[in-house]
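In what follows, a single structure is set out as structure tokens and then discussed.
Protein chains: 2
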Amino acid sequence: MTPVGIREQRRQETRARIVDVAWEICRQQGLAGLSLRDLAARVGMRAPSLYSYFDSKHAIYDAMFRRGNEEFGTAMRCAVPDGPLDRGGIKAAARAFVDFCTADPVRYQLLFQRTIPGFEPLPESFAVAIANYEEMRRQLTEVGLGSQEALDLWTAVMAGLADQQIANDPGGERWRRLTDRAVDMYLDHMGVLPPQQGEQT
Amino acid sequence: MTPVGIREQRRQETRARIVDVAWEICRQQGLAGLSLRDLAARVGMRAPSLYSYFDSKHAIYDAMFRRGNEEFGTAMRCAVPDGPLDRGGIKAAARAFVDFCTADPVRYQLLFQRTIPGFEPLPESFAVAIANYEEMRRQLTEVGLGSQEALDLWTAVMAGLADQQIANDPGGERWRRLTDRAVDMYLDHMGVLPPQQGEQT
DNA sequence: GTCTATATTTGGATAGAC
DNA sequence: GTCTATCCAAATATAGAC
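If you read the sequences in order, they're chains R and B.
Number 101 in numbering that gives the first Met the number 0 belongs to position 102 of the first sequence; there are no gaps in the numbering.
Number 46 in numbering that gives the first Met the number 0 belongs to position 47 of the second sequence; there are no gaps in the numbering.
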């Protein structure tokens, strides 16, 4: 879709590069530490030129939000096998989620928390996040975890691991290594996907 | 301790009032939205006068951090009965934690997350947070949950509930109401404090 | 599209009179 | 301790030439 001329293509490449560099800056300076001057300088232009590509700073955050959610979807699709999940598949998904979140705390902050005052993603961008959530819902529904309560408890356990890892042992694995165990705790409680014989504990 | 004259007492009262108002502003504008001008105006003085009470803006954040942790300790002590906890006592503690966190997302952000770039609490202030953690460790140790893994899994579950509630249903109870269930999930997994006969599910 | 120049606002912090 | 005045730095955003 969106088939366009080579001129528009160049423009989109530049937009993508700006978003790249914006992420780079935020990883270094924090989400609120993004400044248009700095951003422009690093892409080789002056601050006002950015307005040829984005209407405002919020529009840049929006593009970052969208990009981050696209990366998230890709990461999860790569890590999770097709078809109905067994207990090992759920663990793979959990590890992928926690690893994705802890690999980039600032990205976690923008995608999954509400920390930039006044920033709301546009509906088109938010749709990417919703699509990712719906994909998770679909997969968990297949194994009997489709109720809202089951899903919410699942997201709570996953977010809790990521959150504690980021807040109290950034770059480490103190909570990350508890992921498989947390999945067992959750699945046992829900009474689905009993552990296979000979499975590792 | 710190017995002092009436002059010093007045000073401490003013300091406390400044911290009060600082929290009020942050609840409205977000943690990063605190400005010394605004703060001073609301306390009835001009910005430079604040420097008679605090050395810098960071010092104000530090006092807020300390105050918040003191409130947290008080809230938990009020909610959790003395003596060894049974399953109901653990649930009371869990509800107290999740309620405390979700009642004030900005406070949760300052106390339990790392979101203000460059802010590190002073050792004296951090000591309050550590004391709270040690009290939790002591209580959980009494019921056989004193291992670091058990504690970390506990904090992950609690933080996950609070985090999801704040991020995805602020002011609501979508995750908050799962607290008792999450405690059951955790305690069953850990194999401690078996449910009493006739206990509510 | 990109630039220079600038408007405009706002922030933390300091100097020095009272 | 509090004030006025000010410094200094940085921010987003716009105007208009090229």
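By construction, the Cβ of each residue, glycine as well, lies at the ideal position given by its N, Cα and C atoms.
- Of the residues R/171, R/186, R/177 and R/18, the one whose Cα lies closest to the Cα of residue 58 of chain R is R/18.
- Residue 184 of chain B places its beta carbon 7 Å or farther from that of residue 96 of chain B.
- Taking a 10 Å sphere around the C-beta of residue 151 of chain B, we find 16 or more other C-beta atoms and assign the residue as buried.
- With fewer than three CB-CB distances shorter than 8 Å, the stretch 82–102 of chain R does not count as touching the stretch 13–33 of chain R.
- With respect to the 7 Å criterion, residue 84 of chain R and residue 138 of chain R are classified as neighbours on the basis of their beta carbons.
- Annotated three-state conformation of residue 69 of chain R is helix, per DSSP.
- With fewer than 16 neighbouring CB atoms inside 10 Å of its own CB, residue 15 of chain R falls in the exposed class.
- About 6 Å separates the beta carbons of residue 71 of chain B and residue 99 of chain B, which is inside the 8 Å limit, making them a contact pair.
- Minimum Cα-Cα distance from residue 24 of chain B among the listed residues B/69, B/41, B/56 and B/119 corresponds to B/41.
- Taking 9 Å as the upper bound on Cβ-Cβ separation, chain B lies near residues 104, 108, 111, 112, 113, 114 and 115 of the stretch 102–115 of chain R.
- By the criterion of a C-beta distance shorter than 6 Å, residue 179 of chain R is surrounded in its chain by 90, once the five residues flanking it on both sides are discounted.
- Between residue 67 of chain B and residue 110 of chain B, the C-beta gap is smaller than 7 Å, which places the two residues in contact.
- Against chain R, the CB of residue 22 of chain B has no partner CB under 7 Å away; the residue lies outside that interface.
- Taken in chain order, the complete beta strand (DSSP E) segments of 3 or more residues contained in the stretch 109–179 of chain R number zero; there are none.
- Residue contact with chain B for residue 72 of chain R: absent (no Cβ-Cβ distance below 7 Å to any residue of chain B).
- Excluding sequence positions up to five before and after residue 80 of chain R, its CB lies within less than 8 Å of the CB of 88 and 91, all in the same chain and listed in chain order.
- Residue 163 of chain B has a beta carbon lying within less than 7 Å of a beta carbon in chain R.
- Judged by DSSP in its simplified three-state form, residue 88 of chain R adopts helix.
- If you draw a 10 Å sphere on the C-beta of residue 121 of chain B, you find fewer than 16 other C-beta atoms in it, and that means exposed.
- Contact with chain R is found for residue 184 of chain B, since one of that chain's Cβ atoms lies less than 7 Å from the residue's Cβ.
- Counting only Cβ-Cβ distances below 8 Å, residue 177 of chain B has contacts in chain R at 148, 151, 152 and 155, in chain order.
- Residues of chain B whose Cβ lies closer than 7 Å to the Cβ of residue 28 of chain R are, in chain order, 116.
- For residue 41 of chain B, the enclosing alpha helix (DSSP H) has its first and last residue at 35–42.
- At a beta-carbon threshold of 8 Å, the residues of chain B lying near residue 160 of chain R are 155 and 159, ordered along the chain.
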